[in-house]
Amino acid sequence: MDAQLIAFTGLAAGLIAMPGADFTVVVRNALVSRRAGVTCALGITAGLLVHTALAVAGVASVLAAVPALFRALQLLGGAYVLYLGLRTLRALRRPSAASADEAASGGHPLRQGFLTNALNPKASLTFLSVLPQFVPAGSPAMPRTLLLALIVVVLALLWFHAVALLVDRLGRWLRGPRAARVVEGVTGGALTVLGAVLLLEPVLAA
Numbered sequence: 001m002d003a004q005l006i007a008f009t010g011l012a013a014g015l016i017a018m019p020g021a022d023f024t025v026v027v028r029n030a031l032v033s034r035r036a037g038v039t040c041a042l043g044i045t046a047g048l049l050v051h052t053a054l055a056v057a058g059v060a061s062v063l064a065a066v067p068a069l070f071r072a073l074q075l076l077g078g079a080y081v082l083y084l085g086l087r088t089l090r091a092l093r094r095p096s097a098a099s100a101d102e103a104a105s106g107g108h109p110l111r112q113g114f115l116t117n118a119l120n121p122k123a124s125l126t127f128l129s130v131l132p133q134f135v136p137a138g139s140p141a142m143p144r145t146l147l148l149a150l151i152v153v154v155l156a157l158l159w160f161h162a163v164a165l166l167v168d169r170l171g172r173w174l175r176g177p178r179a180a181r182v183v184e185g186v187t188g189g190a191l192t193v194l195g196a197v198l199l200l201e202p203v204l205a206a
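FYI, the working numbering numbers position 108 of the sequence shown as 108, with every residue one higher than the one before it.
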């Protein structure tokens, strides 16, 4: 058994399962419907596929070499996450039915998931720094890196689909008028805070 491959799978699973904007956006959409949650999970996986492809191609190193480009992507990603959060919080001021429609109108779930993940340049840098550590010395780099990237994408697909299905399964309680407003408030607040942090980080680091 390849010990390095097992270690990488465990590390990648931990990174993917770490709560963040991706997780929150999937929960938000799964509260609308199972289809919306699963579709959002597909979008996040597609965004992650972009990051892993960039890491494999070495393009992510450009982000590290050009701070202005990295900060611009951070600001763009932060603005989008903040937009989703504020739109969700705004929906809480409407009646429950209108609130659900407003929360769902932040864009197609597939686009929400894709943009939330793809506009996070840290993901590319993370995989660029992690993937080479699990390529055995003397072995061809490209096949191994492609295998590691595939593991990441499959893990993300399984994890975010599981989150969407679990939220949908709990939907009979979570979609009750009072519970739904609480959950929407928590997810909206989390997205707003995450978006603000993403926006402030490059400004404070400048």
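We treat Cβ as the ideally placed atom computed from N, Cα and C, and that holds for glycine.
As the structure is a computational prediction, the values presented were derived from the model and not from experiment.
Find out if the Cβ-Cβ distance for the pair residue i, residue j is shorter than 8 Å.
i      : j      : result
ARG71  : ALA164 : no
LEU131 : LEU148 : yes
ALA223 : LEU11  : In this structure the chain extends from 1 to 206, so residue 223 is not present and cannot be described.
ARG28  : THR145 : no
I want to check one thing, is the minimum distance from the CB of residue i to the heavy atoms of the ligand ATP below 7 Å?
i     : result
PHE70 : In terms of ligand content, the structure shown is empty, and the ligand ATP therefore cannot be addressed.
Between which residues of its own chain and residue i is the CB-CB distance below 7 Å, once the five residues before and five after are set aside?
i      : result
ALA141 : VAL135
THR232 : Past the boundaries of the shown model lies residue 232; the chain is included only from 1 to 206, so the question cannot be answered.
LEU119 : LEU73, LEU76, GLY77, TYR80
GLU201 : GLN74
LEU198 : GLN74, GLY77, GLY78, VAL81
GLN4   : PHE134, PRO136
THR52  : PHE127, ALA149, VAL152, VAL153
Specify the secondary structure class of residue i as computed by DSSP and reduced to three states.
i      : result
VAL66  : coil
ASN120 : coil
LEU125 : helix
PRO132 : helix
ASP2   : coil
HIS51  : helix
VAL18  : For the record, residue 18 in the displayed sequence is Met; it is not Val. In the structure shown, MET18 sits in coil (DSSP, three-state: anything other than H, G, I, E or B).
ARG93  : coil
LEU161 : Strictly speaking, residue 161 in this sequence is His, with Leu absent from that position. Helix at HIS161.
PRO140 : coil
GLY107 : coil
LEU212 : This structure cannot settle anything about residue 212, because the visible part of the chain is limited to 1 through 206.
LEU84  : helix
LEU170 : coil
Which whole-angstrom value is the C-beta distance of residue i and residue j, which I expect to be below 8 Å?
i      : j      : result
THR9   : ILE151 : 6 Å
GLN112 : GLY20  : Actually they are not in contact, since the Cβ atoms of GLN112 and GLY20 sit about 14 Å apart, beyond 8 Å.
Which residues in the same chain have their Cβ closer than 8 Å to the Cβ of residue i, if we skip the five residues on either side of it in sequence?
i      : result
VAL26  : GLY37, CYS40, ALA41, ILE44, GLY113, PHE160, VAL163, ALA164, VAL167
ALA7   : PHE134
SER105 : Only weak support is given to the placement of SER105: the predicted model assigns it a pLDDT of 48, under 50, and the value that follows is read from those uncertain coordinates. Taken in chain order, the residues that qualify are ARG87.
Please go through the same chain and pick out, in chain order, the residues whose beta-carbon is closer than 6 Å to the beta-carbon of residue i, but skip the five residues on each side of it.
i      : result
ALA190 : THR24
ILE16  : LEU155, ALA156, TRP159
LEU194 : ALA21, VAL81
ALA30  : GLY37, ALA164, VAL167, ASP168
LEU115 : TYR80
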